[in-house]
Structures are given as C-alpha cells and as structure tokens.
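Beneath this line is the structure, given in structure tokens, with notes to follow.
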Amino acid sequence: MTAQDQMRKMLDQLMGQDRDGGNEHSNLKFTDKEVCRPFLLDICINDLFTNTRADLGECNKIHSLALRSEYEKATTKRDYEYEEEILQYLQSFIKDNERKIELAKKRLEMQEKNPELEAKAQVVHELGIQIGEQVAKSEALGAEGKVDESLAVLAEVETLKTKKKEAEDAYFESLPRNIMGMREQILRPCDVCGAMLGLYEKDSVLADHFGGKLHMGYVTIRDKIKALEAQVEEKAKTRRERLEERRLNKEKSDSREEKRRSRSRSRERRRRSRSQDKD
Ligand SMILES: [Zn+2]
Ligand SMILES: [Zn+2]
283 MTAQDQMRKM LDQLMGQDRD GGNEHSNLKF TDKEVCRPFL LDICINDLFT
333 NTRADLGECN KIHSLALRSE YEKATTKRDY EYEEEILQYL QSFIKDNERK
383 IELAKKRLEM QEKNPELEAK AQVVHELGIQ IGEQVAKSEA LGAEGKVDES
433 LAVLAEVETL KTKKKEAEDA YFESLPRNIM GMREQILRPC DVCGAMLGLY
483 EKDSVLADHF GGKLHMGYVT IRDKIKALEA QVEEKAKTRR ERLEERRLNK
533 EKSDSREEKR RSRSRSRERR RRSRSQDKD
C-alpha cells in the first residue's frame with residue numbers, strides 16, 4: 283500500500299468513504315451486506331494483521347465510522363444480534379489458531395518423552411564416545427611408533443564416523459519437523475498467537491514478540507471475545523427476566539379473570555334461583 287493509499291484509507295475510516303461528495307455510499311445502510319459488520323463492532327480482523335506474517339489482505343467490505351455511529355444509535359432501540367454473529371466469527375477464527383497451538387505442544391511433548399527418540403539420541407551419543415576413545419588410542423599408538431596399528435585404528439574411526447552420521451540422520455528424521463533437537467532451537471508456541479518461540483529465547487527477542495503487531499492482534503481478538511461473551515450473556519439475562527415478568531403478569535391477569543368469571547357465575551346462579559322462587 284502506498285503512503286497515499288494509506289492516508290486515503292485512514293480518512294475513509296475517519297470520515298466515511300463518501301467524505302468528498304462522491305455519493306458512492308451515501309445511500310448505504312449499516313445493515314447492507316457490503317458493509318463490514320465486524321468493523322461496526324470495532325474489530326475487523328483484516329485490519330489487525332496488516333504487514334505481519336498473518337496478513338489477511340485488505341478487507342473487501344466497507345468500513346465507515348459514520349455507519350458505525352448509525353449502528354450504535356440504532357442498537358439502543360433494537361437488538362440486531364450482531365454481537366452473537368461476530369462472537370461466533372471470532373471464536374471460529376481463534377479455534378483454528380488454538381488447534382495449531384495444541385498440535386505444536388503435542389509435538390514438543392512427543393519429543394520430550396519419546397523413548398524411541400531417546401534411544402536414537404543415545405546411539406549418537408555412544409558412537410561419539412567410541413570415536414573419541416579410538417582417536418585417542420590411535421594417537422597413543424602413533425606416539426609409540428606403532429604406525430600400522432595406529433592407521434588400522436584410524437580406519438575403524440572412519441567406519442564409526444559413517445555410523446554416527448547415519449545415527450544422527452535417523453535421530454533428526456524422527457524429530458518433529460519444526461524442532462531440531464538442540465536446546466537453543468527447541469521451540470514452543472505462544473499461547474496467545476501460536477507463533478513459535480525459542481524455549482531459550484533472549485529476553486529482548488521475547489519483548490519484541492509480546493509487543494509486536496501479530497501478538498497484539500490476537501490479544502485484541504481474545505479481549506473482544508470476552509467482551510462480546512459478557513454482552514451476549516447480559517442480553518440473554520435481560521431476555522429471561524423479561525419473559526419471566528411477562529409470565530408472572532399473565533398468571534396474575536389470568537387469575538383475576540378467573541375470579542371475575544366465577545363471581546359472575548355465582549351472580550348468575552343467584553339470579554336464577556331468585557327467579558325460580560318467584561315462579
Ligand atoms: Zn472489514
Ligand atoms: Zn504471541
């Protein structure tokens with residue numbers, strides 16, 4: 283996006299896209315399908331990750347602060363149930379991310395307590411020790427002037443080195459793809475955004491991550507989910523209370539009606555019995 287585009291977009295958001303008299307959107311209502319509904323609730327995901335690894339591209343719907351304030355006014359009089367809709371949308375977005383985090387954690391656990399992997403690492407470790415011992419032996423033999431024996435031992439070392447290379451390959455192949463086994467390179471997923479972070483990462487690198495746009499984008503989404511959940515719950519509570527109130531009122535009026543009827547029935551009976559007396 284050029285600086286000019288960016289400026290235009292900022293102005294669009296600030297003043298509405300029809301700011302310069304072009305009547306492009308002036309007859310739009312916030313309920314129209316061209317309008318970005320998440321933006322009405324102040325959370326368009328596309329805007330959160332611009333220029334990050336998770337960039338979703340520009341939102342193809344209309345963002346307009348004018349329409350947002352129209353919506354905010356209208357929603358005090360009527361429930362459009364956008365909170366429920368956007369909550370579901372955000373939850374499914376986060377669910378995908380959560381699956382990724384779970385998977386990465388499982389891989390990590392697998393690597394940490396996988397006996398097969400440990401055995402493979404042990405083979406590499408033992409071959410390394412043997413090589414070290416044989417090299418020392420060969421040097422000692424050489425120092426004693428036993429050149430042939432020294433060279434024979436060195437030939438054995440070459441075989442051991444080949445075996446060690448094979449054992450290393452077998453070990454690395456069994457490792458989960460994104461983890462290379464070495465302490466410094468063990469990665470774990472960030473619980474909030476799912477980015478892979480070095481387990482032994484420097485503080486300054488971590489600080490950059492936790493203050494970075496990608497991570498903060500997920501923080502914003504997660505906070506919004508919490509806020510919307512509270513709003514939806516509050517609305518449901520109000521609805522339940524209103525229904526209960528209506529039910530109680532109906533019961534009251536029903537019983538009043540019942541009393542009135544029974545009174546009129548007994549009046550009727552009295553009237554009839556009086557008229558029978560006269561007959
Ligand atoms: Zn949008
Ligand atoms: Zn993060």
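Going by the numbering used here, the first residue of the sequence shown is number 283, and it counts up by one from there. Ideal Cβ placement from N, Cα and C applies to all residues, glycine included.
Spatial distance of residue i from residue j (CA atoms)
{"i": "E540", "j": "E550", "result": "15 Å"}
{"i": "N531", "j": "R543", "result": "18 Å"}
{"i": "R350", "j": "K484", "result": "43 Å"}
{"i": "E391", "j": "L399", "result": "12 Å"}
{"i": "V317", "j": "L323", "result": "12 Å"}
{"i": "G303", "j": "G476", "result": "Residue confidence is low: G303 scores 44 on pLDDT, short of 50, so the model does not pin down where it sits. Its coordinate-derived value is still stated next. Computed Cα separation, rounded: 44 Å."}
{"i": "R521", "j": "D378", "result": "32 Å"}
{"i": "D287", "j": "H307", "result": "19 Å"}
{"i": "K387", "j": "T357", "result": "42 Å"}
{"i": "A401", "j": "A437", "result": "26 Å"}
{"i": "N305", "j": "R529", "result": "Only weak support is given to the placement of N305: the predicted model assigns it a pLDDT of 44, under 50, and the value that follows is read from those uncertain coordinates. Rounded to the nearest angstrom, the two C-alpha atoms are 49 Å apart."}
{"i": "K495", "j": "F331", "result": "7 Å"}
{"i": "P320", "j": "S456", "result": "44 Å"}
{"i": "Q416", "j": "F492", "result": "49 Å"}
{"i": "E431", "j": "E421", "result": "10 Å"}
{"i": "L347", "j": "K359", "result": "19 Å"}
{"i": "K519", "j": "C341", "result": "34 Å"}
{"i": "G480", "j": "C472", "result": "10 Å"}
{"i": "R470", "j": "E426", "result": "52 Å"}
{"i": "T313", "j": "A489", "result": "41 Å"}
{"i": "K443", "j": "R389", "result": "30 Å"}
Proximity test, residue i beta-carbon vs ligand 3 heavy atom, cut-off 7 Å
{"i": "K395", "result": "This structure lacks ligand 3; its bound ligands are ligand 1 and ligand 2."}
Rounded Cβ spacing between residue i and residue j (contact assumed at less than 8 Å)
{"i": "I327", "j": "I503", "result": "7 Å"}
{"i": "K446", "j": "V487", "result": "About 33 Å; that fails the 8 Å criterion."}
{"i": "V435", "j": "K419", "result": "5 Å"}
Residue of the options minimising C-alpha distance to residue i
{"i": "I344", "options": "K534, L433, L310", "result": "L310"}
{"i": "E367", "options": "R547, V514, K519, L423", "result": "V514"}
{"i": "Y453", "options": "L525, D314, K534, P397", "result": "P397"}
{"i": "K508", "options": "I376, G480, E352", "result": "I376"}
Which residues end up in the neighbourhood of ligand 1 when you take C-beta atoms closer than 6 Å to any of its heavy atoms?
That gives C318, P320, F321, C326, N328, C341, K343, H345.
Could you please go through the chain and list the residues whose beta-carbon is closer than 6 Å to any non-hydrogen atom of ligand 2?
C472, V474, C475, A477, H491, H497
Answer yes if the stretch 397–411 comes into contact with the stretch 371–381, meaning at least three C-beta pairs across the two stretches below 8 Å, and no otherwise.
no
Would the stretch 327–338 and the stretch 494–501 be scored as touching if the rule is three or more Cβ pairs under 8 Å?
yes
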